[in-house]
Structure formats: structure tokens, C-alpha cells
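Quick note, the sequence shown lines up with residues 0 to 156 if you use numbering that gives the first Met the number 0. First the structure, in the form of C-alpha cells, and then the observations on it.
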Amino acid sequence: MTKQETYIAVLREIQIRVEKEGNLYAYLDNVTAVLKKRLSHFNWVGFYMVKKERLILGPFQGTPACIFLEPGKGVCGTCAADQHTILVNDVSTFPGHIACDPCTKSEIVVPCFNRDHQLKAVLDVDSDQPDAFDTTDQKYLEQIAHHIRSLWDYEKQ
Ligand code: SME
0 MTKQETYIAV
10 LREIQIRVEK
20 EGNLYAYLDN
30 VTAVLKKRLS
40 HFNWVGFYMV
50 KKERLILGPF
60 QGTPACIFLE
70 PGKGVCGTCA
80 ADQHTILVND
90 VSTFPGHIAC
100 DPCTKSEIVV
110 PCFNRDHQLK
120 AVLDVDSDQP
130 DAFDTTDQKY
140 LEQIAHHIRS
150 LWDYEKQ
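See the structure below:
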């Protein structure tokens, strides 16, 4: 399977689950599980949730991670502040990179908006290989973020 075919299968699996489940955290748990299971270059994948001007660790798969991140700092914080995807081929060159796991060599972070275009989370994916992510990852991770935008309706439930 090519990477593109894998992402198409992931999107299909996520679509099936979004129609059946109405709980935000349970659903996001499954999104991270599906991504981690299917994409072998993902070493860590998770959501950082936007709460009161800072980012708090949400559903994830991988080793334990930093719980709080400040907007504007590190890759996730910069993504949250700028509200666009950041692809980092070599984390050692990114100013202020926060190394929750010293094995991380490259990463991609995608903003997640609700249906009113408010930033609700960032989707952070790390790899223990340099240059692990490309524009195919960006394209499909952004599609996933778009696909799950209605889930934030369930935030209060
Ligand atoms: N790498 C992130 C911090 C989060 S951990 O990698 C899970 C950053 O610099 O924002």
C-alpha cells in the first residue's frame, strides 16, 4: 500500500467512526489509535487541546508527553499561534522546539478548527526518523482535521 492509499483507508475508517460516536474524547482517542496503527512512520501522535490560552495534552498514542504547552512556543505553540500547518524536517533546527521525547527527529503539526473556524486543538505527529513527513502527510492530516470539525459540537457532553 502506498502512503496515499493508507491515508485513504484511514479517512474511511475515521468516517465510519465519526458517524457512530458522539463523544469528543472517545472519538479523538480512536483517531489517534487508527493513525498510529496504520502509519508506520508515526512514532507519537496526539492532540493538544486549546484551553484558556494554552495547550493541554489530549488523546494521544505513544510515550508520555508534556502536559502543558504555551501558544507561540515550540512547534505546537507556533502552529496554534499562526493557525497553519508546520512541517519540520529536522526538529534540532526549529527555534524553541520542545523535546518531550529526545527520540523525535521530525514532526508535523496541523491546526484543528470547529465548524465556526475557531481553533480547538492541534494535531501533533512525531517521528524518530528525520524527514519523515511530506506534503502527502500534510494533505491528508489536514483532511482529517477538516473531517472531524463537527466533533467539537460534542465538547460539552
Ligand atoms: N514537539 C512539540 C512538543 C510536544 S511533544 O513532541 C509530544 C513541540 O515542540 O511543540
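Quick reminder that beta carbons are idealized off the backbone N, C-alpha and C, glycines included.
Along the chain, which unbroken stretches of the beta strand (DSSP E) at least 3 residues long are found entirely within the region 92–129?
105–112 and 118–126
Just how far apart, CA to CA, sit residue 39 and residue 126?
Here residue 39 refers to the residue found at position 40 when the sequence shown is read from its first residue. Here residue 126 refers to the residue found at position 127 when the sequence shown is read from its first residue. When rounded, the distance between both Cα atoms is 9 Å.
To the nearest angstrom, how far is the alpha carbon of residue 56 from that of residue 48?
As a first step, residue 56 must be located in the sequence shown, where it is residue number 57. As a first step, residue 48 must be located in the sequence shown, where it is residue number 49. Spanning the two alpha carbons is a distance of roughly 6 Å.
Presumed contact (8 Å Cβ cut-off) between residue 128 and residue 107, rounded CB distance:
Counting from one through the sequence shown, the residue named residue 128 turns up at place 129. Counting from one through the sequence shown, the residue named residue 107 turns up at place 108. The Cβ separation is near 13 Å, so there is no contact.
Is there contact here, the region 0–19 with the region 96–116, by at least three beta-carbon pairs under 8 Å?
no
Sort 51, 4, 45 and 146 by Cα distance to residue 62 and report the nearest one.
Within the sequence shown, numbered from 1, the residue matching residue 62 stands at position 63. Selected option, being the one with the closest Cα: 45.
Starting from the Cα of residue 114, find the closest Cα among 150, 37, 122 and 8 and give me that residue.
Position 115 of the sequence shown, counted from the first residue, corresponds to residue 114. Out of 150, 37, 122 and 8, 150 has the C-alpha closest to the C-alpha of residue 114.
Under the three-state DSSP convention, the category residue 68 falls into:
The count along the sequence shown starts at 1 and reaches residue 68 at position 69. Three-state result, residue 68: strand.
Per DSSP, the bridge partner or partners of residue 47
Against the sequence shown, residue 47 aligns to sequence position 48. The partner list for residue 47 (beta bridge, DSSP) reads 56 and 121.
Nearest to residue 65 by alpha carbon, out of 119, 123 and 93?
Sequence index remark: in the sequence shown, residue 65 carries index 66 (1-based). Out of 119, 123 and 93, 123 has the C-alpha closest to the C-alpha of residue 65.
Throw me the rounded Cβ distance for the residue 112 and residue 53 pair, which I believe falls under 8 Å.
Counting from 1 along the sequence shown, the entry for residue 112 is found at position 113. Counting from 1 along the sequence shown, the entry for residue 53 is found at position 54. Contact doesn't hold; Cβ gap of about 18 Å is too wide.
For residue 32, which residues of its own chain have a beta-carbon under 8 Å away from its beta-carbon, when the five flanking residues on both sides are left out?
For the purposes of this step, residue 32 is identified with residue 33 of the sequence shown, where counting begins at 1. Closer than 8 Å at Cβ, skipping near neighbours: 60.
Taking 6 Å as the cut-off, is the beta-carbon of residue 116 closer than that to any non-hydrogen atom of the ligand SME?
The count along the sequence shown starts at 1 and reaches residue 116 at position 117. Residue 116 Cβ: outside cutoff for every heavy atom of the ligand SME.
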